[in-house]
Amino acid sequence: MPVLLKIDTDGFDGRILRGHQAWLAAVKPVVFMEYCPDYARTADPDIFDTFASLQKAGYQGLVAYLNTGSYRETFLLTNADRLRHMHETFAKPGCTAYLDLALFHTRDMDLYHQLVAWEKSGANPGTISRRQAA
1222 MPVLLKIDTD GFDGRILRGH QAWLAAVKPV VFMEYCPDYA RTADPDIFDT
1272 FASLQKAGYQ GLVAYLNTGS YRETFLLTNA DRLRHMHETF AKPGCTAYLD
1322 LALFHTRDMD LYHQLVAWEK SGANPGTISR RQAA
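Sequential numbering of the sequence shown, starting at 1222, is according to this note's numbering.
Spelled out as structure tokens, the structure:
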């Protein structure tokens, strides 16, 4: 049965996760964290180190939601270009939006794929399709 770790420490999430890499590798919870580059600038500027640490602990899948709850995107943590693009998009000066990230260990990739399929189906009532938003 999957275990869930919800963490929201206003910018310190990455630092805390990096400090608990061994625990994450042992317990393998689905990690649900806030990702706000504006907070992280001062609290924890090494978010890419966090993603690398999560990969070393066995994490592979990432599902991103806007702070409004809408599904945004999904990709694998090994995709450095997508990580960089995600960071650059939300680190722009004046950007007040942030993301909530669900991160999945290799053990739970079946759950990751189920969630991605559900989100892409439009079944999430909080998700507005790009077509509806236009």
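Cβ atoms here follow ideal geometry from the backbone N, Cα and C, with glycine treated the same way.
The structure displayed is predicted, hence computed values, not measured ones.
Per DSSP, Met1330 is one residue of the alpha helix (DSSP H) stretching across 1330-1341.
It is roughly 34 Å from the alpha-carbon of Arg1236 to the alpha-carbon of Gly1343.
Between Val1284 and Val1337 the beta-carbon gap is near 6 Å, inside 8 Å, which marks them as a contact.
Sequence-distant Cβ neighbours of Lys1249 in its own chain, meaning closer than 6 Å and more than five residues away, are His1326, Arg1328. If you look at Gly1282, you'll find it in the beta strand (DSSP E) that goes 1280-1287.
For a cut-off of 8 Å, the C-beta gap from Gln1281 to Leu1297 is around 6 Å, short enough to register as a contact.
Counting other Cβ atoms within 10 Å of its Cβ, Cys1257 reaches 16 or more and is therefore classed as buried.
Note that the C-beta distance between Thr1295 and Glu1255 is not below 9 Å.
According to DSSP, Glu1309 shares a beta bridge with no other residue. Of the residues Tyr1333, Asn1345, Tyr1292, the one whose Cα lies closest to the Cα of Leu1225 is Tyr1333. Take the alpha-carbon of Leu1275 and the one of Thr1289: they are about 25 Å apart.
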